[in-house]
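Numbering (our numbering), first residue to last: 225 to 294. Notes follow the structure.
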């Protein structure tokens with residue numbers, strides 16, 4: 225009986241550890257470790273935000289971006 229309880233606890237820990245790492249892998253946004261140049265070439269994206277250039281929009285995982293008409 226003790227072995228069954230111990231085995232169940234170990235299995236639960238393994239399942240929980242994979243569940244927590246799977247969420248981190250499945251959601252890469254916002255992207256980290258990417259550095260953008262501070263060049264003013266504004267884009268507006270489908271979220272309604274204006275980013276200083278397409279690199280900053282990419283890091284923020286914005287979609288549907290196009291150059292801002294100035």
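Even for Gly, the Cβ is constructed at its ideal location relative to N, Cα and C. Given the structure is predicted, the values throughout are model-derived calculations rather than measurements.
Simplified DSSP assignment, three categories, for residue i
| i | result |
| --- | --- |
| residue 283 | helix |
| residue 245 | Unreliable placement is indicated for residue 245, whose pLDDT of 47 sits below 50; no coordinate value is reported for it. |
Alpha-carbon to alpha-carbon, residue j and residue i
| i | j | result |
| --- | --- | --- |
| residue 266 | residue 291 | 6 angstroms |
| residue 275 | residue 282 | 9 angstroms |
| residue 264 | residue 252 | 25 angstroms |
| residue 273 | residue 286 | 9 angstroms |
| residue 277 | residue 262 | 8 angstroms |
| residue 293 | residue 260 | 21 angstroms |
| residue 226 | residue 254 | 45 angstroms |
| residue 279 | residue 268 | 12 angstroms |
Beta-carbon gap between residue i and residue j smaller than 7 angstroms
| i | j | result |
| --- | --- | --- |
| residue 288 | residue 270 | yes |
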